[in-house]
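So this is what it looks like as structure tokens:
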């Protein structure tokens, strides 16, 4: 079945409106004509009735007049009716019985009068409604001798409509032509503004868009030039923890602040921007929307990289271990060359002492970690970090009394994220010494990393954990996420991270629950 075009729909609607308006105007016109007729006919009827009541012949002969007996009154009554152009005229006696009328059927009927015998208004007659005037007739002595009655029949609704029909038809024709022309022009303008699409096509497009937005795993937010939400997908609501029904709200009204606000508003020109939102790591891309050379808003898409970040942290641990192994291989090459030289010099006793020394040193370095840390992943990370720090002439010590049980799974990954980033920062800031303390107490895991570097300004103790804060450069260059990830991991497990001082040491203290 072919769908009706937008122009046809507008034409039908316009014609319907025209018809409804004309019907209303017709009804109003009939009501006005009725009121005008009643007013004009009442005035004429009263004037004619007063003329008839004041006629000397009527005043003289009416007291003796009898129903259906012709007298000189007949010509007077007919003359008044003819001159006034009204439908009927009659005379009644003092008792109200009509004794003479231009309408024979009225003779013998009774008319009602007021206390003073006068009345003008609408009344019911045998022929229908009529506008009637009744005036008392007085003799020369002022005595009431009867009533003069003059009336004009009320035209029916059909008659009144037929009288107005020619004008209504003209109005309908003119309004239909103008309405049709206006509908066509309006339809063309609307189609230009809707890129030539019909209403049904727009409806289908909107439905497809809604279905597409619901099916997208990535979040989508569209803002107008004033920063108000035009569109927000279901994934965007869930990832940003924003309540539904936020269309029309500004970014500030949504409670969005910091880096996320800058990215959404397009004030930051970047792609694949990593932003921390709650306990999630999101990657955002903002594209300005331009129409006819004018900026009409922005569209931001973002995807959840939290799980990928966890995997990257695990790979980071593996990479650190691999780097440490490569350094150890290089060191082992040097040690093997030394042993080979001692053997060639037949210094066998020195070879034994050299090998024993290497073994003891290696065991001491490993046992310091494994004696305190039972978690294999964390222990491997710390051994690798200690080795990497040694190549930078930084000594990393495990504080005596430290203890960490084996946890495994996601908790081990979070511990590696926290310790890896804190140790890297401490080694980078250190003047040569770093200390690590690990404790568990009633389900709380506490990790403290000490360094002998210059410390953190008191004004930065809070900002240091914000995304993008770094002493190494701008966040866009890849810095400024380590400590933010540490705080994210801690808060995700019901804890937090702080920075302070302990004598000459700068202390980062991270706590999380099992």
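Residue numbers (the working numbering): 952 to 1465.
Beta carbons: idealized from backbone N, C-alpha and C, even for Gly.
In this text, all values refer to a predicted model and were calculated from it rather than measured experimentally.
Determine, using beta-carbon pairs with one atom in the segment 1084-1093 and one in the segment 996-1013, whether at least three such pairs fall under 8 Å. Contact between the segment 1084-1093 and the segment 996-1013 is established, with three or more Cβ pairs separated by less than 8 Å.
Identify which residue in 976, 1249, 1228 has its Cα closest to the Cα of residue 1237. Of the listed residues, the one whose Cα sits closest to residue 1237 is 1249.
When we look at the beta-carbon of residue 1387 and count the other beta-carbons within 10 Å, is it buried (16 or more) or exposed? With 16 or more other Cβ atoms within 10 Å, it is buried.
In whole angstroms, what separates the C-alpha of residue 1398 from that of residue 1390? Residue 1398 and residue 1390: Cα-Cα distance of roughly 7 Å.
Contact between the segment 1364-1384 and the segment 1397-1411 (3+ Cβ pairs under 8 Å): Taking a cut-off of 8 Å on C-beta distances, the segment 1364-1384 touches the segment 1397-1411, as three or more cross pairs fall below it.
From residue 1321 to residue 1192, what distance separates their C-alpha atoms? Taking the straight line joining both Cα atoms gives about 42 Å.
With residue 1362 as the anchor, note down where its alpha helix (DSSP H) starts and where it stops. In the DSSP assignment, residue 1362 falls within the alpha helix (DSSP H) that extends over 1360-1380.
Return the CA-CA distance between residue 1347 and residue 1304, expressed in angstroms with no decimal places. Each residue's Cα considered, the two are about 26 Å apart.
Considering only C-alpha positions, which residue in the set 1195, 1212, 1253 is nearest to residue 1203? Measuring from the Cα of residue 1203, the nearest candidate turns out to be 1212.
Candidates 981, 1361, 1057, 1410, of which the one nearest residue 1450 by Cα: Of 981, 1361, 1057, 1410, the residue nearest in Cα terms is 1410.
Assigned secondary structure, residue 999 (DSSP; H/G/I helix, E/B strand, else coil): DSSP places residue 999 within a helical segment (H, G or I) once states are collapsed to three.
Are there three or more Cβ pairs, one per stretch, closer than 8 Å when the segment 1362-1370 is compared with the segment 1322-1330? Because the criterion of three Cβ pairs below 8 Å is met, the segment 1362-1370 and the segment 1322-1330 touch.
If we call anything under 7 Å between Cβ atoms a contact, is residue 1018 one with residue 978? Not closer than 7 Å, so no.
Straight-line Cα distance separating residue 1355 from residue 1426: Any reading at residue 1426 must be qualified, since the residue scores a pLDDT of 42, below 50, and its modelled position is unreliable; the value itself is stated next. Whole-angstrom Cα-Cα distance: 33 Å.
With 16 other CB atoms within 10 Å as the buried threshold, where does residue 992 fall? Counting C-beta atoms within 10 angstroms of its own C-beta, residue 992 has 16 or more neighbours from the protein chains shown and is therefore classed as buried.
For residue 1035, the first and last residue of its enclosing alpha helix (DSSP H): First-last of the alpha helix (DSSP H) with residue 1035: 1024-1035.
Quick one: using the 10 Å Cβ neighbour count with 16 as the cut-off for buried, is residue 1429 buried or exposed? Low local confidence applies: a pLDDT of 44 at residue 1429 is under 50, so the model's placement there is unreliable, with the coordinate-based value given in what follows. With fewer than 16 neighbouring CB atoms inside 10 Å of its own CB, residue 1429 falls in the exposed class.
Per DSSP, the bridge partner or partners of residue 1043: Its beta-bridge partners are 1049, 1098.
Starting from the C-beta of residue 996, find all residues in its chain whose C-beta is less than 8 Å away, skip the five residues before and the five after it, and write them out in chain order. These residues qualify, in order along the chain: 1035, 1037, 1071, 1082, 1083, 1084, 1101, 1102, 1103.
Can you round the beta-carbon distance between residue 1127 and residue 969 to whole angstroms, since I take them to be within the 8 Å contact cut? Taking the Cβ atoms as the reference, residue 1127 lies roughly 6 Å from residue 969, within the contact range of under 8 Å.
Could you check whether the Cβ of residue 1331 sits closer than 6 Å to any heavy atom belonging to the ligand ADP? This structure simply doesn't include the ligand ADP, nor any ligand for that matter.
State the CB to CB distance for the pair residue 1088 and residue 1010, rounded to an integer number of angstroms; the pair is presumed to be in contact (CB under 8 Å). Indeed they touch by this definition, with Cβ atoms about 6 Å apart.
How would you label residue 1241, buried or exposed, when you count the other beta carbons within 10 angstroms and need 16 or more for buried? Residue 1241 is exposed by the Cβ-count criterion.
Whole angstroms is fine: what's the gap from residue 1043's alpha carbon to residue 1124's? Computed Cα separation, rounded: 52 Å.
When the Cα atoms are used, what is the spatial distance from residue 1012 to residue 1074? If I take the Cα positions, the gap works out to 27 Å.
Return the residue from the list 1040, 1318, 1447 that minimises the CA-CA distance to residue 1334. Nearest of 1040, 1318, 1447 to residue 1334, Cα basis: 1318.
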